[in-house]
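Okay, so here's the structure we're looking at.
In this note's numbering, the protein residues as written are 16 to 218.
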């Protein structure tokens with residue numbers, strides 16, 4: 016009986032500790048997903064497809080700050096939101112539409128309709144960069160996607176090109192308090208699953 020009492024007290028103490036420190040414990044999960052570099056002037060900004068609103072807004076912001084003269088939008092997945100309007104465009108073309116809306120000149124945007132995943136987009140961009148004399152590029156994606164995207168792109172970017180990673184914050188939830196909203200829970204869960212999948216596949 017005494018042992019059960021001790022076990023109960025230990026369990027109660029651990030439960031109380033986890034409850035009190037739940038915020039920093041849950042926040043530590045973001046370290047598995049997020050990495051960012053100090054922004055430097057570069058030859059181009061690569062805006063990965065998906066989340067074109069948040070990513071496009073951030074790309075336009077750093078473009079206007081003079082960090083790069085060109086924005087490259089890869090991706091060939093259909094932009095399903097437009098299908099209800101009978102408009103067939105890709106996510107990269109959707110990203111371009113957002114950039115134009117934000118005042119980025121058409122001449123400063125390159126659309127590459129290739130890639131249906133981070134891995135395939137990295138391959139497409141890697142091939143594209145082999146034909147360019149670039150020294151630095153800014154890889155821009157959602158905050159939760161930064162670490163996985165960096166790991167994948169480092170496999171395909173020419174070694175003479177410096178990769179600078181920049182994350183766009185979500186307009187739907189706080190990445191550092193992800194457990195407080197449904198969007199945050201879903202995004203954290205999705206990216207963790209994709210990260211494990213890429214590890215298992217050796218990507």
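Glycine residues also receive a C-beta, built at the ideal position from the N, C-alpha and C atoms. On a predicted model such as this, the values are computed, not experimentally measured, just so you know.
Identify whether residue i lies in helix, strand or coil by the three-state DSSP scheme.
i           : result
residue 47  : helix
residue 173 : coil
residue 104 : coil
residue 63  : coil
residue 161 : helix
residue 201 : helix
Checking 7 Å against the spacing of the C-beta atoms, do residue i and residue j come in under that value?
i           : j           : result
residue 158 : residue 40  : no
residue 134 : residue 167 : yes
residue 63  : residue 156 : yes
residue 153 : residue 57  : yes
residue 89  : residue 107 : yes
residue 114 : residue 141 : no
residue 42  : residue 213 : no
Alpha carbon to alpha carbon, how far is residue j from residue i? Give it in angstroms, no decimals.
i           : j           : result
residue 162 : residue 47  : 8 Å
residue 75  : residue 123 : 11 Å
residue 69  : residue 183 : 6 Å
residue 53  : residue 82  : 11 Å
residue 177 : residue 38  : 35 Å
residue 104 : residue 117 : 19 Å
residue 44  : residue 97  : 34 Å
residue 170 : residue 205 : 23 Å
residue 51  : residue 165 : 9 Å
residue 143 : residue 149 : 11 Å
residue 195 : residue 210 : 22 Å
Buried or exposed for residue i, please, with buried defined as at least 16 other CB atoms from any protein chain shown within 10 angstroms of its CB.
i           : result
residue 186 : exposed
residue 66  : buried
residue 73  : buried
residue 120 : exposed
residue 80  : exposed
residue 222 : Outside the shown range of the chain, which is 16 to 218, sits residue 222, and nothing can be said about it.
I think residue i touches residue j, with their Cβ atoms under 8 Å apart; what is that distance to the nearest whole Å?
i           : j           : result
residue 129 : residue 139 : 4 Å
residue 266 : residue 102 : Residue 266 is absent from the model: the chain starts at 16 and stops at 218.
residue 126 : residue 147 : Between residue 147 and residue 126 the Cβ distance is about 16 Å, and since that is not below 8 Å, they are no contact.
Could you tell me if the beta carbon of residue i falls within a distance shorter than 6 Å of some heavy atom in the ligand GDP?
i           : result
residue 137 : Because no ligand of any kind appears in the structure shown, any question about the ligand GDP cannot be addressed here.
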